[in-house]
Amino acid sequence: MNQLPVEYLFFVGAIGLVGIGVAGMLLCRNLFRVLLALVIAEAGANLLLVLTGYRWDAVAPIVLPGMPAGTTMVDPVPQALVLTAIVIGVGIQAFAVAVLIKIYHGYGSLDRRRLAAMLDRDMNELAGVGPGRSPEAPAGKRPFPPPEQQEGRS
Amino acid sequence: MMTMVVAVLVVLMLATALLVLVTPNMIAAVAASSAVSLVVSVLFVMLRAPDVAMTEAAVGAGLSAMVLALGLRRLGLWKLDNREKDDA
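So the sequences go chain by chain: Y and X.
Residues in the first sequence are numbered from 1 upward in steps of one, following UniProt numbering.
Residues in the second sequence are numbered from 1 upward in steps of one, following UniProt numbering.
See below:
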């Protein structure tokens, strides 16, 4: 019985999940959907990692009492690592949700392009580059520190 | 026989993962990502990793979906039709 197509199918599923996740992280505009794409890519990476220790003629790595000595088993080391990676992944997701909540309270939006525009504006304000000036102007032309802060201090 | 089962599961998993990216409803997207984790846990059982499958089903499909859904309520995306959202 030829077992090779089953492994090919597993590889197609794992690499497809990683591909869909990376494509979603690159293409989606909503930051929450980027987080969901990260979850999918994580699941695909875990599947790929378990697949590296898979043998089609082996049993699960659990020693039972009536088992003969030379029984081939699946490699248990990637399984232990993936067990850790799943739990770390959920921690990363919780942290990312917390960061998204802070962003939403600070800016009122989760759209990536709108957030980038607002961040550019805020950083230009902090650097003293007004709306009429350009951040690409020579450094001598920029008022730094900003003049309104100098007036308030004196 | 096993090839057919694995083929059906992989196609289901990839279709659900695509659904996460294209559906306009965020609650459906979270549910679909949980379903992806559930199908991955079934694939772990077929790869003879029952402990990983147990953890993936409990943590990846249960706790992760709960965290994401609670975050969804805080983010104001918990609504059944959000057609006015301009997200791709």
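The beta carbon of each residue, even a glycine, is placed where N, CA and C say it ideally should be.
(request) Check the Cβ of residue 67(X) against every Cβ in chain Y and list those closer than 8 angstroms, keeping chain order. (result) Along the second sequence, read from residue 1 onward, the residue named residue 67(X) stands at position 67. 90, 93, 94 and 97, listed in chain order.
(message) Considering only the alpha carbon of each residue, which of 105(Y), 112(Y), 115(Y) and 7(Y) lies closest to residue 54(Y)?
(response) In the first sequence, counting from the first residue as 1, residue 54(Y) sits at position 54. The residue with the shortest Cα to Cα distance from residue 54(Y) is 7(Y).
(request) Determine which residues share a DSSP beta bridge with residue 111(Y) and list them. (result) Position 111 of the first sequence holds residue 111(Y). In DSSP, residue 111(Y) forms a bridge with 30(Y).
(message) Give me, in chain order, the residues of the same chain whose beta-carbon lies closer than 7 angstroms to that of residue 86(X); leave out the 5 immediate sequence neighbours on both sides.
(response) Counting from 1 along the second sequence, the entry for residue 86(X) is found at position 86. Note that residue 86(X) scores a pLDDT of 49, beneath 50, so its modelled location is shaky; the value from the coordinates is reported in the next line. Leaving aside the five residues that flank residue 86(X) on each side, none in its chain has a CB nearer than 7 angstroms to its CB.
(request) Tell me whether the beta-carbon of residue 58(X) lies closer than 9 angstroms to the beta-carbon of residue 45(X). (result) Here the question's residue 58(X) lines up with position 58 in the second sequence. Here the question's residue 45(X) lines up with position 45 in the second sequence. For residue 58(X) and residue 45(X), no; Cβs fall outside 9 angstroms.
(request) Give the straight-line distance between the Cα atoms of residue 33(X) and residue 122(Y), rounded to the nearest whole angstrom. (result) The residue you call residue 33(X) lines up with position 33 of the second sequence. The residue you call residue 122(Y) lines up with position 122 of the first sequence. Cα-Cα distance, rounded: 35 angstroms.
(message) Buried or exposed for residue 15(X), going by 16 or more other Cβ atoms inside 10 Å?
(response) One-based indexing of the second sequence puts residue 15(X) at position 15. By the 10 Å Cβ count, residue 15(X) comes out exposed.
(request) Could you name the residues that DSSP lists as bridge partners for residue 59(Y)? (result) In the first sequence, counting from the first residue as 1, residue 59(Y) sits at position 59. DSSP output for residue 59(Y) lists 73(Y) as bridge partner(s).
(request) With distances taken Cα to Cα, identify the nearest neighbour of residue 175(Y) among 90(Y), 101(Y), 129(Y) and 109(Y). (result) Nothing in the structure corresponds to residue 175(Y), since chain Y is present only between 1 and 154.
(request) Identify the contact partners of residue 50(X) in chain Y, using a Cβ-Cβ distance below 7 angstroms as the criterion. (result) Along the second sequence, read from residue 1 onward, the residue named residue 50(X) stands at position 50. For residue 50(X), the C-beta contacts it makes with chain Y under 7 angstroms involve 60, in order along the chain.
(message) Can you look up residue 43(Y) in the DSSP assignment and give me helix, strand or coil?
(response) Locating residue 43(Y) in the first sequence gives position 43, where the first residue counts as 1. Helix at residue 43(Y).
(message) Taking 9 angstroms as the threshold (beta carbon to beta carbon), is residue 16(Y) in contact with chain X?
(response) Here the question's residue 16(Y) lines up with position 16 in the first sequence. Closer than 9 angstroms to some Cβ of chain X, the Cβ of residue 16(Y) qualifies, so yes.
(message) Counting only beta-carbon separations shorter than 9 angstroms, does residue 63(Y) have a partner in chain X?
(response) The count along the first sequence starts at 1 and reaches residue 63(Y) at position 63. Not one chain X Cβ lies under 9 angstroms of residue 63(Y).
(message) For the pair the segment 85 to 99 of chain Y and the segment 56 to 74 of chain X, tell me if three or more CB-CB distances fall below 8 angstroms.
(response) Contact between the segment 85 to 99 of chain Y and the segment 56 to 74 of chain X is present: three or more C-beta pairs spanning the two stretches fall below 8 angstroms.
(message) Let me check understanding here. Comparing Cα to Cα, which of 42(X), 75(X) and 37(X) lies closest to residue 5(X)?
(response) As a first step, residue 5(X) is located in the second sequence; it is residue number 5 there, counting from the start. For the residues 42(X), 75(X) and 37(X), the minimum Cα distance to residue 5(X) belongs to 42(X).
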